[in-house]
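**Q** Counting from 358, one number per residue, gives the positions in the sequence shown under this note's numbering.
C-beta atoms are modelled at their ideal positions from N, C-alpha and C, and glycine is treated no differently.
Handing you a structure now.
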Amino acid sequence: MAEDKYNLKNPAVKRILQEVKEMQSNPSDDFMSLPLEENIFEWQFAISGPRDTEFEGGIYHGRIQLPAEYPFKPPSFMLLTPNGRFETQTKICLSISNHHPEHWQPSWSEWHEAPKQKNLRTALVALIAFMPTNPNGALGSLDYKKEERRALAVKSREAAPRFGTPERQKLIDEIHEYMLSKAPPVPQLSSSEESSEEKLAARESEAQANSLDAGSVATEEQHPVSAEVQEVSANTNPQPTGAGTSRDVPASSSIQFQPKPKARVQKPADDRILTWAAVGLTIAILVLLLKKFMKSNGHGAVFMNGS
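Dropping the structure here:
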């Protein structure tokens, strides 16, 4: 790494270059991490899965982003390899990350003399320890079943993840080759763990289907009546909908409708009552018309006297 192109008086640059030398002079079988040649504030790393856990044998790549104020402010971490414990390409919430700056000890001048001081080496060791812990709903955490995590651990050895520019990818591939040379043998999978690969494929299909939810929501907003019909068909006891709904209802036997109420059949007794009422009303009208006619012709007084 060409150190002459960096400002060696800058505290962050000085600290980072010290950590690079320490990482190269004292390598570990459990992790490997190096910065980009063109940007020493971005590091690529890989950790091995902790032994005697469902992550054993796995090689998990990730990215570290150091702030300009490093080491006075903590770095951010994200995983690139699917693992079932942390989301990929998402900053994860750890006590050693920028989500909890209160836990970061920034005394950098004596970091190599004080083991309790935080640096990238201790952060990677802590990350390995975090892998088998309970996520408890932390930001960027996942809670896959052990069988699924086990299958992901085996799959992680096949190839390094694809990420970023060719420079990044070259560094990722180099780190992956180093970790493969140090990784323990792949533990044998049980039959239940082998079947988890199919479950993982189902998860990926589900994730792709979820990516189409936005389009589905937009369609429902454009056709609210059709969405209402779909909701009715899913209900075992549907409620009758408004008159406008019938225009958008598809002809399908799966949709149930409430039957229309039948017209009330009148009985013979009701017919007779209505008939006599009509006759009586007709007679009354005729009498009134007759009186009015006679009065208009001057016979009204005679009619009244005669009565």
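Starting from the Cα of Phe412, find the closest Cα among Arg506, Leu631 and Val644 and give me that residue.
**A** The option with the nearest alpha carbon to Phe412 is Arg506.
**Q** Whose C-alpha, out of Pro432, Pro542 and Pro489, is nearest the C-alpha of Phe443?
**A** Among Pro432, Pro542 and Pro489, the Cα nearest to that of Phe443 is on Pro489.
**Q** For Arg514, which option in Ala403, Ile421, Thr410 and Pro424 has the closest C-alpha, if you only look at C-alpha atoms?
**A** Checking every option, the nearest Cα to that of Arg514 belongs to Ala403.
**Q** Among residues of its own chain, excluding the 5 on either side of Gly441, which ones have a beta-carbon nearer than 7 Å to its beta-carbon?
**A** Once the five neighbours on either side are set aside, the close Cβ partners of Gly441 are Leu499, Tyr501, Glu505, Arg506 and Leu509.
**Q** Once you ignore the five residues that flank Ala425 on each side, which residues in its own chain have a CB closer than 8 Å to its CB?
**A** Ala369 and Phe398
**Q** From which residue to which residue does the beta strand (DSSP E) around Ile449 run?
**A** Element bounds for Ile449: n/a, residue is neither H nor E.
**Q** Leaving aside the five residues before and after Leu496 along the sequence, list all residues of the same chain whose C-beta is less than 6 Å from its C-beta, in chain order.
**A** Cys450
**Q** Could you pull out every unbroken beta strand (DSSP E) segment of at least 3 residues lying fully inside the stretch 359-389, listed in chain order?
**A** With a minimum length of 3 residues, no continuous beta strand (DSSP E) run stays inside the stretch 359-389.
**Q** Using a Cβ-Cβ cut-off of 7 Å (strictly less than) and excluding sequence neighbours within five positions of Met536, which residues of its own chain qualify?
**A** Met389, Ala403, Ser405 and Ile416
**Q** Comparing C-alpha positions only, which one of Val482, Leu481 and Lys503 sits nearest to Asn491?
**A** Lys503
**Q** Under three-state DSSP, which class holds Ile630?
**A** Here Ile630 carries a helix assignment [DSSP, helix/strand/coil].
**Q** Check whether the Cβ of Leu499 lies closer than 9 Å to any Cβ atom in chain D.
**A** This model lacks chain D altogether, as it is built from one protein chain only.
**Q** Measure the Cβ-Cβ separation of Ile532 and Leu391 and say whether it is below 9 Å.
**A** Yes. Within cutoff.
**Q** Which same chain residues, not among the five before or five after Glu395, have their C-beta less than 8 Å away from its C-beta?
**A** Glu524
**Q** Note down, in chain order, each residue of its chain lying with its Cβ closer than 6 Å to the Cβ of Tyr427, except the 5 sequence neighbours on either side.
**A** Ala369
**Q** Between which two residues does the beta strand (DSSP E) harbouring Leu436 extend?
**A** Ser433 to Leu436
**Q** Going by C-alpha distance, which of Gln401, Leu393 and Lys652 is nearest Thr438?
**A** Comparing Cα-Cα distances from Thr438 to each of Gln401, Leu393 and Lys652, the minimum goes to Gln401.
**Q** What's the gap between the Cα of Gln667 and the Cα of Asn476?
**A** Absent from the structure is residue 667, since the part of the chain shown begins at 358 and ends at 664.
**Q** Can Leu484 be considered in contact with the ligand MG, in the sense that its beta carbon sits closer than 8 Å to one or more heavy atoms?
**A** For the ligand MG, the structure offers nothing, since it holds no ligand at all.
**Q** Taking Pro541 as the reference, which of Gln381, Lys362, Asp387 and Ile373 has the closest Cα?
**A** Asp387
**Q** When DSSP labels each residue in this structure, what does Tyr501 get in the three-state scheme?
**A** coil
**Q** Let me make sure I understand the geometry here. Which of Arg478, Pro431 and Asn367 has the alpha-carbon closest to that of Pro384?
**A** The candidate whose alpha carbon is nearest that of Pro384 is Arg478.
**Q** Could you work out which residue in Lys378, Phe487, Glu379 and Lys430 is closest to Thr410 when comparing CA atoms only?
**A** Restricting attention to Lys378, Phe487, Glu379 and Lys430, the CA atom closest to the CA of Thr410 is found in Phe487.
**Q** Grouping DSSP H, G and I as helix and E and B as strand, with all else coil, what is Pro523?
**A** Residue state, collapsed to three classes: helix.
**Q** State the beta-bridge partners of His533 as determined by DSSP.
**A** For His533, which the question treats as bridged, DSSP gives no partner whatsoever.
**Q** Using 9 Å as the threshold, is the C-beta distance between Leu484 and Gly414 below it?
**A** no
**Q** If you measure between the beta carbons of Ala480 and Pro518, is that distance less than 9 Å?
**A** Result no, Cβ atoms of Ala480 and Pro518 do not sit closer than 9 Å.
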